[in-house]
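Data first, discussion second: the structure below is written as structure tokens.
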């Protein structure tokens, strides 16, 4: 079983590098059940604007907002968080390219993007994407969002 099909497909925030890639649609008018029905694909995570946020520790002084600010729908590739970034993107693109053509309309309507999260204690982080990969991303009308979370080793 791959990490993506379990709750383990997430950044580890440790010195051991980890990377997660996901396709995301987001917008105030996004209705997750409608997107799921149109694409015939169950999301990895989804919610509608105004959905209640799961309970947090009531004893904490941190009091987050109680409802989601915008609609959200995402899928992840069948990959491990330790697979190379290029491999994860290739698997995600193959998944997206197999979805119905209405996907492109949803991407335009709900700001579709490939979201990449990378966590490591490495001091030099580089990203290389082949021109064929960039062409596939462009043909779908997707943006790329890369978030790097450096892990600082305690000295």
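Numbering (our numbering), first residue to last: 97 to 251.
For each residue, glycine too, the CB sits at the ideal point set by N, CA and C.
Residue i and residue j closer than 8 Å at C-beta
| i | j | result |
| --- | --- | --- |
| residue 221 | residue 240 | no |
| residue 213 | residue 107 | yes |
| residue 119 | residue 175 | no |
| residue 76 | residue 217 | Nothing can be reported for residue 76, as the shown portion of the chain is limited to 97 through 251. |
| residue 225 | residue 134 | no |
| residue 223 | residue 242 | yes |
| residue 229 | residue 182 | yes |
Reduced DSSP secondary structure (H/G/I, E/B, other) of residue i
| i | result |
| --- | --- |
| residue 246 | strand |
| residue 130 | helix |
| residue 110 | coil |
| residue 235 | helix |
| residue 121 | strand |
| residue 228 | helix |
| residue 149 | coil |
| residue 193 | helix |
| residue 141 | strand |
| residue 201 | helix |
| residue 212 | strand |
| residue 182 | helix |
8 Å CB neighbourhood of residue i in its chain, flanking five on each side removed
| i | result |
| --- | --- |
| residue 200 | 236 and 237 |
| residue 204 | 237 |
| residue 139 | 128, 131, 132, 169, 170 and 171 |
Own chain residues within Cβ distance below 6 Å of residue i, not counting five before or after
| i | result |
| --- | --- |
| residue 99 | Unreliable placement is indicated for residue 99, whose pLDDT of 41 sits below 50; no coordinate value is reported for it. |
CB-CB length for residue i against residue j, believed under 8 Å
| i | j | result |
| --- | --- | --- |
| residue 148 | residue 162 | 6 Å |
| residue 244 | residue 110 | Contact doesn't hold; Cβ gap of about 15 Å is too wide. |
| residue 173 | residue 188 | 4 Å |
| residue 116 | residue 185 | Not really, about 11 Å apart at Cβ, beyond 8 Å. |
| residue 145 | residue 124 | 5 Å |
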